[in-house]
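Q: First, the structure itself, so that you have it in front of you.
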Amino acid sequence: MRCGHGWEQAYEIEHHLDAKGELHVVYYADGERVPSPLTRPTCLNCGSNVVRIMRSGQVSMVSDAIANMHQRQTGNGKKKAAPEAADDRTGSSTGRHHWHLSDLLHPFQHHRK
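Quick look at the structure:
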């Protein structure tokens, strides 16, 4: 969170009972045993222990949106005809979405109630 780096990491979680019947949880990332991301979170970029854990898909959604914004259109230079005004009135979702900065930052906003 301090350096602004974002990443997604999938974990395999194994639950084990020891001889005393106590539950132990072991986390694996990419096949390697790792410490719990909940008790000892660490930024992969700067090593800071201050990170924000979000639900799956948030980082990739923003990364994809940013990549699509900067993607150049290829082709012979001909553009598609603009949809008619009637399509706008009917709520048609055809056409390309115009992203605003607030759209990209929305997943990272912390809403307090």
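Read in order, the letters of the sequence shown are residues 2 to 114 in our numbering.
For glycine and all other residues, C-beta sits at the position ideal for the given N, C-alpha and C.
(1) Please confirm whether Glu9 and Ser49 have their CB atoms less than 9 Å apart.
(2) Pick helix, strand or coil for Val27, following the three-state DSSP scheme.
(3) Within 10 angstroms of the Cβ of Gly32, are there 16 or more other Cβ atoms? Answer buried if so, exposed if not.
(4) Using a threshold of 8 Å, is the CB atom of Ser57 nearer than that to any non-hydrogen atom of the ligand GTP?
(5) Can you grab the Cα-Cα spacing for the pair Arg3 / Ala20, in whole Å?
(6) For a test of the three-state rule: what should DSSP assign to Ile14, helix, strand or coil?
(7) Got a sec, what are the start and stop residues for the beta strand (DSSP E) Val35 sits in?
(8) Excluding the five sequence neighbours on either side, which residues of its own chain have a C-beta within less than 6 Å of the C-beta of Thr75, listed in chain order?
A: This is what the structure gives:
(1) no
(2) strand
(3) exposed
(4) Looking for the ligand GTP in the displayed structure turns up nothing, as the structure carries no ligands at all.
(5) It is roughly 42 Å from the alpha-carbon of Arg3 to the alpha-carbon of Ala20.
(6) DSSP places Ile14 in strand when its eight states are reduced to three.
(7) 33 to 35
(8) Confidence at Thr75 is low in this model, with a pLDDT of 47, below 50, so its placement is unreliable and no value can be given for it.
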